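The listed protein sequences derive, respectively, from chains A and B.
Numbering of the first sequence is given in my numbering, commencing with residue 25 and proceeding in unit increments.
Numbering of the second sequence is given in my numbering, commencing with residue 153 and proceeding in unit increments.
We treat Cβ as the ideally placed atom computed from N, Cα and C, and that holds for glycine.
From a predicted model like this one, the values you see are computed outputs, not experimental measurements.
All remarks here apply to the structure that follows.
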Amino acid sequence: MSANAEAEAAAARFSLPLRKEKQSGLAGNWTGTGIGSSVDFQDHRPYHPGDDPRYINWQAYARTGEYTMKLYREEVSPRVDILVDASASMFLEPDKKARTVELLCFCIASSLRAGTQPKAYTTKNKRIQLMDPKALTAGHVDALNTDDLAQLLPVEQVPWRNNSMRIIISDLLFIESPNRLIKHCITERSQTVFFVPWTQQEAQPSWIGDLELIDCETRSKRMQHVSDDLRKSYQDNYRKHFAAWHAAVKSRGAVLARIPSMGTLTEALLAHALPAGAVELWS
Amino acid sequence: MELTLLNPWGLTGLLSVPIIVLLHIFQRRTKTIVVSTLFLMPSLKTATTRGRTFTYFKSSPIFWLQILCALLLSFLLGKPALLFQRDVQDVIVVLDASASMSAYTDASLAHLQDIESAAAQTQWHLIAASPEQPTLYQGNDFSELANAFNEYSFVGSYRSPLPALRLARQLTQGQGRVIYVADHPPQDLPSDVEWLSIGEAKVNTGFTGMTIEQDEGTLIWKVLLRNYSDEQQKVTWHIRAGGSASEAFNADLLPGAARALSGTFPDNNQQITLVKEPDSFSLDDRLPIIRPIRKQLMAKVFTTDTGSSEMPWLNRLLNAAQVRLTEKYDADVVIYFTQSLPTHNDDPSRIVFLQQPDKQAPLAAGLKVLEQNTLTKKLDFNALITPKVDKVALTDTDTPLLWKEDVPIIFLRSRGYHQDLYFAVDPELSNLTRLPSFVILLNRYIESIRKSNVGYERSNTELGSLLRIPVPEAEVVLRHGGQSKTLSVRNGFVSLKASNTPGFFKVQSGKEPLLEAAAYFSDAREADLRQAESGAGLISSNKFLTQRKNSSEIMNTIIVILAFACLLGSWALIAKGAR
């Protein structure tokens, strides 16, 4: 099944967690945080010259003889900003690459289904680059390319929209601590979700013996004799790395879901993203 | 218990061990993997660099399993066997009984004693290469066997040991060991017979080749003095007679040379001894000689009236045979010239010449057939010319010697203890008396009478030779070297062996001497010790340890299982690493 098909299938069951938070944005079908022209009554206030007389509470005037304005919730169209890590590690293994593309497609598809305005960014030559909106709208995202130069995600370059839902699709295999990325991605008024694709080979590698290990991004080489003990140490380090990310992300109120590259996207989202709150059931 | 390898060449499998070591040292190119999580890998010992290059040896379970497997398989190829001592082993030692071995009676038999390690107990048998000799030692004390070897008298000529070895192999029934001991490495022994040679080349000089001749009525003894070495030797010798010794004589002998010595017997001494300085081979350092006297025989001649009593040919023949004519009735042999067969039985042995009444009978041809008999061995009577002979009826106990057509013309007729010699040929009417075969036949017959008659004689005989002496029915004693020994009489004879050491001995019945003899060494082949050498063809005692079948099978099964376990473990570890 192609990435788009997988994404559509997953988008039919799941959606991005847009209902969880009060959204803001242009006029749309989502209940915004401000006052708007939806039918949901929110509050009263005194009339001020210039207010729209359609919202005068005539019943309150009849009772009080004073002009009072009715306030309704703002109906907005949420903004979704998606950042796709295009570093070499994301595309090292075919499964992981496919899952990355599927996640992007899912996010796009889910955003569009929900009537949101998605914007997707990727990196090229270490710089953030907006992806083609028409291609995103048409669902053509197969041309996602590896940024061979990217090693650290340049999140500070991303023009996040105010109060947007921020989706970050990255394997988080950075040597740096989470602080920089969290600082530039997570705010109080934004909802941030991390989709972290991973493979079995990087989680539980089968390396043994004398190996020449080459880092896919830095191209640094290391001659390493891998024994069982060393492999166990690596797995401990792997576990600790993502535990630190979990803790850092959670402490800032964001959501992090590690999505395995094995199996279908729908299964992966059901098993890992839904429990983590990175997706909701579509209704 | 002892562990041994029945196939040591199987250990060439150990050559695989250095190959395995080299394979592990010259390792394959390391596997290259592009990873995304290198920063999470702890940096410890690094692997080798590129290519199949030399690296310091790195111990690993795979390596040691492969080494262990190679060791086990090599060990298995060597056919390990657990050997246990037999409870009892039979070892039969067959001695070369020839005279040359007497020069090595003090040689060490230590090589033989090593055999005892193959069994808890060793049953030793020592026999001589002459099967007719009794067992020299039987027991489990090797020192007693060595004593028996040292004390054995080696006097005879060399005899093939094969009959004795066959007997020994039959006695062991294929379970024990047969070892032939000689003074030189033997040739053409059976493959399952081991050997031990205890000889070494030695210089020897000695007396040999004694003869006695008559020269104008005087007895002359002749002896050879021989040098059996490759170097010139100076020999000093003298003659002992009657307790006194002559002056010393010197002889310089070139390598391999012999010098003839001769002399007469002193007038008052019938015995002399030639003596030289002793050397390593002592049997030929003394040569006793006794003036020989043949046993006296007397003959009486009876002739018929029709025959002539003058027979010069008979006188010559009897004279040459040292038979004295007598008129007395106690002759040892009676010679008849008669036309009819004698009928009385009180004669001693008879020689009968049947005369023909018709002295004008013509000569007649006829095929002559000679019977096989000790008296007629290698004789030829084809030249015999006789007239037609009247056929004599043979009895069941007669032994024909010569036929002319179907007529027995020479035959033996048994008469009690005697066998009479009959000639159905008239000596006057034939050429019988001119035939050499007739003379030889008659001499042989006379000698057979001499041998069976009790009487005194003196003779020279070889060491250890078998003698059969007719004796009267009385106690017979052998005297030799100041010692006496009673001999057993059987059917009127005593059988004895001449002494094993050079010297004089006597056989007498009561006070009557029957035989006085000198025993001397005469086999020159045995006196030559230049070809003697030491050596051994003994099989390692380990080969004779018993293999207990069950123990070896269990051990081999365990080795196979361990080897397979090592292989499987090594493969499993390799496969695990590959994954």
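In this structure, how does DSSP classify residue i when only helix, strand and coil are distinguished?
| i | result |
| --- | --- |
| residue 156 of chain B | strand |
| residue 187 of chain B | strand |
| residue 232 of chain A | coil |
| residue 585 of chain B | helix |
| residue 151 of chain A | strand |
| residue 178 of chain B | strand |
| residue 402 of chain B | strand |
| residue 599 of chain B | helix |
| residue 455 of chain B | strand |
| residue 389 of chain B | strand |
| residue 470 of chain B | helix |
| residue 691 of chain B | coil |
| residue 199 of chain A | coil |
| residue 124 of chain A | helix |
| residue 493 of chain B | coil |
| residue 145 of chain A | strand |
| residue 433 of chain B | coil |
| residue 102 of chain A | strand |
Since residue i sits in a beta bridge, which residues does DSSP pair it with?
| i | result |
| --- | --- |
| residue 346 of chain B | B:331 |
| residue 610 of chain B | B:445 and B:668 |
| residue 374 of chain B | B:363 and B:414 |
| residue 559 of chain B | B:556 |
| residue 226 of chain B | In DSSP, residue 226 of chain B forms no bridge with anything. |
| residue 379 of chain B | B:357 |
| residue 428 of chain B | B:389 |
Should residue i be flagged as near chain A, meaning a C-beta pair shorter than 8 Å?
| i | result |
| --- | --- |
| residue 185 of chain B | yes |
| residue 170 of chain B | no |
| residue 178 of chain B | no |
| residue 192 of chain B | yes |
| residue 195 of chain B | yes |
| residue 189 of chain B | yes |
| residue 201 of chain B | Caution is warranted here: a pLDDT of 47 is assigned to residue 201 of chain B, below 50, making its placement in the model unreliable, and no coordinate value can be reported. |
| residue 206 of chain B | Low local confidence applies: a pLDDT of 48 at residue 206 of chain B is under 50, so the model's placement there is unreliable, with the coordinate-based value given in what follows. For residue 206 of chain B, the answer is no, since every Cβ of chain A falls outside 8 Å of its Cβ. |
| residue 727 of chain B | no |
Output yes if chain B places a C-beta closer than 8 Å to the C-beta of residue i; else output no.
| i | result |
| --- | --- |
| residue 203 of chain A | no |
| residue 311 of chain A | The requested residue 311 of chain A does not occur in the structure, where chain A is confined to residues 25 to 307. |
| residue 184 of chain A | no |
| residue 231 of chain A | yes |
| residue 328 of chain A | The question about residue 328 of chain A has no answer, for chain A in this structure spans 25 to 307. |
| residue 197 of chain A | yes |
| residue 48 of chain A | Because the pLDDT at residue 48 of chain A is just 49, under 50, the model does not fix this residue reliably, and the point stays unresolved. |
| residue 248 of chain A | yes |
| residue 226 of chain A | yes |
| residue 177 of chain A | no |
| residue 105 of chain A | no |
| residue 238 of chain A | yes |
| residue 194 of chain A | no |
| residue 254 of chain A | yes |
| residue 257 of chain A | yes |
| residue 58 of chain A | Its pLDDT being 49, under 50, residue 58 of chain A is placed unreliably by the model, and the measurement read from it follows with that caveat. No, because no Cβ of chain B sits closer than 8 Å to the Cβ of residue 58 of chain A. |
| residue 113 of chain A | yes |
| residue 127 of chain A | no |
| residue 244 of chain A | yes |
| residue 235 of chain A | yes |
So residue i and residue j are supposed to be a Cβ contact under 8 Å. How far apart are they, rounded?
| i | j | result |
| --- | --- | --- |
| residue 398 of chain B | residue 373 of chain B | No, residue 398 of chain B and residue 373 of chain B are not in contact; Cβ-Cβ is about 14 Å, not under 8 Å. |
| residue 138 of chain A | residue 219 of chain A | Not a contact, Cβ separation roughly 17 Å. |
| residue 350 of chain B | residue 320 of chain B | So it is not a contact: roughly 18 Å between Cβ atoms. |
| residue 533 of chain B | residue 522 of chain B | 6 Å |
| residue 152 of chain A | residue 178 of chain A | 6 Å |
| residue 140 of chain A | residue 190 of chain A | At roughly 12 Å, the Cβ-Cβ gap does not stay under 8 Å, so residue 140 of chain A and residue 190 of chain A are not in contact. |
| residue 284 of chain A | residue 222 of chain A | 6 Å |
| residue 263 of chain B | residue 724 of chain B | Not a contact, Cβ separation roughly 54 Å. |
| residue 591 of chain B | residue 561 of chain B | Contact doesn't hold; Cβ gap of about 17 Å is too wide. |
| residue 34 of chain A | residue 290 of chain A | 5 Å |
With respect to 7 Å, is the separation between the Cβ of residue i and the closest non-hydrogen atom of the ligand ATP below this value?
| i | result |
| --- | --- |
| residue 471 of chain B | The ligand ATP is not part of this structure, which contains no ligands at all. |
(message) Could you tell me which whole beta strand (DSSP E) segments of length 3 or greater appear in the region 496 to 556 of chain B?
(response) The DSSP assignment places 501 to 506, 520 to 522 and 551 to 556 as complete runs of the beta strand (DSSP E) inside the region 496 to 556 of chain B, in order along the chain (cut-off: 3 residues).
(message) Going residue by residue through the region 239 to 285 of chain B, where are the continuous alpha helix (DSSP H) segments of at least 4 residues, counting only ones entirely within it?
(response) 262 to 265
(message) Extract the residue ranges of the beta strand (DSSP E) inside the region 264 to 291 of chain A, only unbroken runs of 3 or more that lie entirely within it.
(response) 279 to 284
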